[in-house]
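Which chain is which? The protein sequence lines are A and V, in order.
One point on numbering: in numbering that gives the first Met the number 0, the residue at position 281 of the first sequence is 280, and numbering is uninterrupted.
One point on numbering: in numbering that gives the first Met the number 0, the residue at position 180 of the second sequence is 179, and numbering is uninterrupted.
Don't be surprised by glycine CBs; every beta carbon is placed ideally from N, CA and C.
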Amino acid sequence: MLTDILDRHRRDGTRLMQILREAQEALGWLSPATITAIASGIGWPRAKVEGTASFYSFFHTRPMGEYRVLWSDNITDRMLGNLDLMQAMCQKLWLEPGRVSEDGLVSVDTTSCTGMCDQGPAVLVNYRAIPRMTRERVELMVELIRARKPLADWPADWFVIEDNIRRADILLGNRMAPGEALGAALAAGADAMLAEIRTSQLRGRGGAGFATGLKWEACRQARGTAHYVICNADEGEPGTFKDRVLLTRQPDLVFEGMTIAAHIIGARRGYVYLRGEYRYLLESLESVLAARRAAGLLGADILGKGFDFDIEIHLGAGAYVCGEESALIESLEGKRGVPRNRPPYPVTHGFLNQPTVVNNVETFAAAALIAARGGDWYRSFGTPRSAGTKILSVSGDCARPGVYEYPFGVSVRQVLADCGAHDSQAVQISGPSGICIGPDEFDRRIAFEDIPTAGAFMIFDIRRDIFDVVRNFIHFFAHESCGFCTPCRVGTTLLKNLMDKIAAGHGTRYDIDEIYQLNRVLRTAAHCGLGHTAANPLVHTLEKFRPAYERRLKSMEFEPAFDLDAALSEARQMTGRDDAGAHLATDTENAR
Amino acid sequence: MNEQTFNLDGQEIPFAAGQSVMQAALAAGVFVPHLCYHPEFRPHGSCKLCTMKINGRPATSCTTPAAAGMEVESDTPEILDTRRILLQMLLVEGNHFCPSCEKSGHCKLQALGYELGVMSPHFNHFYPDRPVDASHPDVLLDFNRCILCELCIRASAEVDGKNVFALSGRGIKKHLIVNAESGKLGDTDFALTDKAAQVCPVGVILPKHKGFAVPIGQRRFDAEPISAHVEEFKPIAAAAPRAGDKP
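Structure (structure tokens):
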């Protein structure tokens, strides 16, 4: 079986991620012997293969049960009660989270946001997405697992993912036939097409907002033995799910944008880096690619113009940091997803060290529209400094969560009104690494010149405790830090520990100063955006939602870090006691 | 041809084409704190101790190419404070007990602690559980002290051609592993004579059968602070390759 997988991937080490995933799907887990066999198959040092396998949350180098249930743990899932449901599931299965059952049947754990925030609480079962979990579903799922029913025999409606398109504009409302934009681009020629992209003033939709025309031009001019186009569909920022909908409803437009980019920069090969959480999309996307090949829109001699280009879908395996373009490229080469030192940038030294364009799903879709309708047409949408539309992923406290496409310049207040949000206390825009705003800022606008965003729009009404929101985000960053640089590897864990200390009622003013100090070190010294922004949720909310912290703080200046009662927890666990007599009376408890 | 320079804390530093800010500074005799840098290897940029403010923006000086006219700040209270905190992070992340460590006095982490005036670990210790590996006949691996600089990984791959070491795990769970299905160094082709055995800046890779040959108090950084050893860290001129960074 392993030989077949290795042969299918031509024993090519740069395809290690796909080899590991397929081996795990076939064998259940990646045993030491499997890792050794894969390493010798691709001719890599064994330790390097283990290094890759151990980096990604969705690869396991120890058995995790025939059924692995992972509960999405974004704050939106929490607000919909995921932890209670997970606990109910664990009780029914006589399990502790993170542990495998004695009979090796099942394990239950949490995972970072799976991109189903508009239809949570969501789980992944053996890496297949199931949204809208309820108590009834938990009960039935436990029965199905106990009966060892294969996933294929589970109720089909459980696996239905809703698109929830609430407002469509030029992208989500697109009705062009496949090939229309590509035909226009090939007829115009690469020079004219690049000029149109520049005219459109299209900027990257992944968050950073780099000018697409400039990026493509730089890549086109870079020398190399081959050029590559990569579509970043790693959509890992908690609260973001618009690329999932674009890939479901407009895959042709996305592939067409990639093909147009390839024609401009002179690439013959492209990759879609699809996050592992969206594994369920793989077969449908493969069939769209096959249809495009059959229609002469992909493969050799596209549209009879002598242009060769093909696209392959590469699945990630649970690592937020791979949304950073150089980490994504490392992952695409079969390695640990660690951001590279830059310069050089991917446009000159990207995939396999060759000139590479990496763009977000939405950017490629927009480029295809521009190819068909022109740069001036595109620029007529949005604001003078933010051309076109932006798709928002709206979730949290509102009546109609889902996907909303607006011309740039829409106010936060407008979005809140459209989605039926009431008594909103705060909106987290562009995910945990973005910004948190309160009602006095709801007239600000979604635009590069005001609030830039990769798309997440999470709403919290006045019933919510902002501290819980931030603590969830800080735990997320600590879990997703790649560990390359000192400040992020250690600093995100220190922040997490501080939040847990404050949550336990042991925080003081001193700890708030510590948070600011760590933020300064992360901003100054971290290797990439993950570390730079990891303390953002804390810093933003300490300014705007101070009471959420202060009512948890002890009034004293200093609280010893050592907690005598907590130190006894191991003894309590060993003796199976948790009664009042097994606890020391502490000031905290007296205060309560 | 005019010599190109940049300004470091008020001093004009000359540089050769292709040199990093840090290399140029070291060549000019200005000590720059570092742990993952080694003159015989390509810059790595992970420990972040060499962070400076370059043209007003923070950056790792080991990975930033020097350019004429750059304004670089290194010896400022804010940057020194950042470096101290980075050292404190490393000190609490692992298990570092200097008084009983064979590497005391030869250890760069300890020496930088003295150099920068780290008076306490400041943060709570993590006390990670990191078993030692004594399976190799000639070498002991004490992972408790690993600071993840990857020098042994690079030396084994690039100089020894063996790939004995690699990283496993992610984030705070990241750790050093060896190239054997058993996970034991004794089952690899590692040898005491490997370059990888010579480059550890702390006390992870230790030769067996010999301990405390030089008494504590008479060791490399006991007599003089690490900054006085700047000569040893200078970039290697093409004509004059230097020996390994042996204690």
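So which residues on chain A does V:ALA165 lean against when the C-beta distance must stay under 8 Å?
-> PRO44, ALA46, LYS47, GLU49 and GLY50
Spatially closest choice to A:ILE514 from A:SER410, A:ASP499 and A:ALA366, by CA coordinates = A:ASP499
The beta strand (DSSP E) enclosing A:TYR594, as first and last residue numbers = Here chain A covers residues 0 to 591 and nothing more, so residue 594 of chain A does not appear.
Exposure of V:ALA237, with buried meaning 16 or more beta-carbon neighbours within 10 Å | Low per-residue confidence applies at V:ALA237: pLDDT is 43, beneath 50, and the placement is therefore not dependable, though the value from the model is reported in the following sentence. Flag for V:ALA237 reads exposed.
Decide if the segment 210-218 of chain V is in contact with the segment 58-75 of chain A; the criterion is three or more beta carbon pairs, one per stretch, under 8 Å apart.
-> no
For V:PHE96, does the count of other Cβ atoms within 10 angstroms reach 16, so buried, or fall short, so exposed?
-> exposed
Cβ-based neighbour list, A:GLY203, same chain, cut-off 7 Å, excluding 5 preceding and 5 following | PHE209, THR211, ASN358, ASN359 and THR362
Starting from A:ARG166, follow its DSSP beta bridges and name the residues at the other end.
-> A:TYR403
Is the segment 366-376 of chain A touching the segment 126-138 of chain A in the sense that three or more CB pairs, one from each, lie closer than 8 Å?
-> no
Compare the C-beta of V:VAL177 with all C-beta atoms of chain A and state if any pair is closer than 8 Å.
-> yes
According to the neighbour-count rule (16 or more other Cβ atoms, all chains shown, within 10 Å of its Cβ), is V:LYS245 buried or exposed?
-> At V:LYS245, the pLDDT of 31 sits below 50, so the modelled position is not reliable and the matter cannot be decided from this model.
What span of residues does the beta strand (DSSP E) with V:CYS199 cover, start to end?
-> Counting along the chain, V:CYS199 falls outside any beta strand (DSSP E), and DSSP gives it neither H nor E.
Close Cβ partners of A:ARG7 (< 7 Å) along its chain, the five nearest in sequence each way excluded | none
Going straight from the alpha carbon of V:LEU205 to that of V:THR192, what length do you get?
-> 12 Å
Find the residues of chain V that neighbour A:GLY490, judging by a C-beta separation of less than 7 Å, and give them in chain order.
-> MET88
Local Cβ density within 10 Å of A:GLY506, reported as buried at 16 or more and exposed below that | buried
For a contact meaning CB atoms closer than 8 Å, what does A:LEU493 contact in chain V?
-> MET88 and PHE122
Do you know offhand how far V:MET69's Cα is from V:CYS61's?
-> 15 Å
When we look at the beta-carbon of V:ILE78 and count the other beta-carbons within 10 Å, is it buried (16 or more) or exposed?
-> buried
Would you verify that the beta carbon of A:ALA566 is, or is not, closer than 8 Å to some beta carbon of chain V?
-> no
Would you say V:ASP8 faces chain A, with C-beta separation under 8 Å as the test?
-> no
Any idea if A:GLY482 is buried or exposed, counting beta-carbon neighbours within 10 angstroms, 16 or more meaning buried?
-> buried
A:SER106, enclosing beta strand (DSSP E) - first and last residue = 105-110
Can you find a CB in chain V that lies within less than 8 Å of the CB of A:ALA477?
-> yes
Is there contact here, the segment 465-474 of chain A with the segment 93-110 of chain A, by at least three beta-carbon pairs under 8 Å?
-> no
Taking 8 Å as the threshold, find out whether the segment 325-342 of chain A comes into contact with the segment 175-194 of chain A through three or more Cβ pairs.
-> no
Taking A:ASN53 as the query, report the chain V residues whose CB atoms sit under 7 Å from its CB, ordered along the chain.
-> Residue identity check: residue 53 of chain A is Ser in the sequence provided, not Asn. Ordered by position in chain V, the residues that pass the 7 Å Cβ test against A:SER53 are SER167 and GLY168.
Identity of the residue in A:LEU79, A:SER480, A:THR355 and A:LEU552 nearest A:THR224 by Cα | A:THR355
Have a look at A:THR347, A:SER100 and A:GLY322 and flag the residue whose alpha-carbon is nearest the alpha-carbon of A:ALA217.
-> A:THR347
Straight-line gap, A:SER286 to A:GLU311 (C-alpha atoms, nearest Å) | 12 Å
Does the beta-carbon of A:GLY269 have 16 or more other beta-carbons within 10 angstroms, so that it is buried, or is it exposed?
-> buried
For A:LYS148, is the classification buried or exposed, using 16 other Cβ atoms within 10 angstroms of its Cβ as the cut-off for buried?
-> exposed
Host beta strand (DSSP E) of A:ILE310 (start-end) = 309-314
Which residue or residues does DSSP assign as beta-bridge partners of A:TRP93?
-> BP columns for A:TRP93 are empty, so no partner.
Are A:ALA232 and A:ARG274 closer than 8 Å when you measure CB to CB?
-> yes
One or two residues paired with A:HIS8 in a DSSP bridge | According to DSSP, which records beta bridges pairwise, A:HIS8 is partnered with nothing at all.
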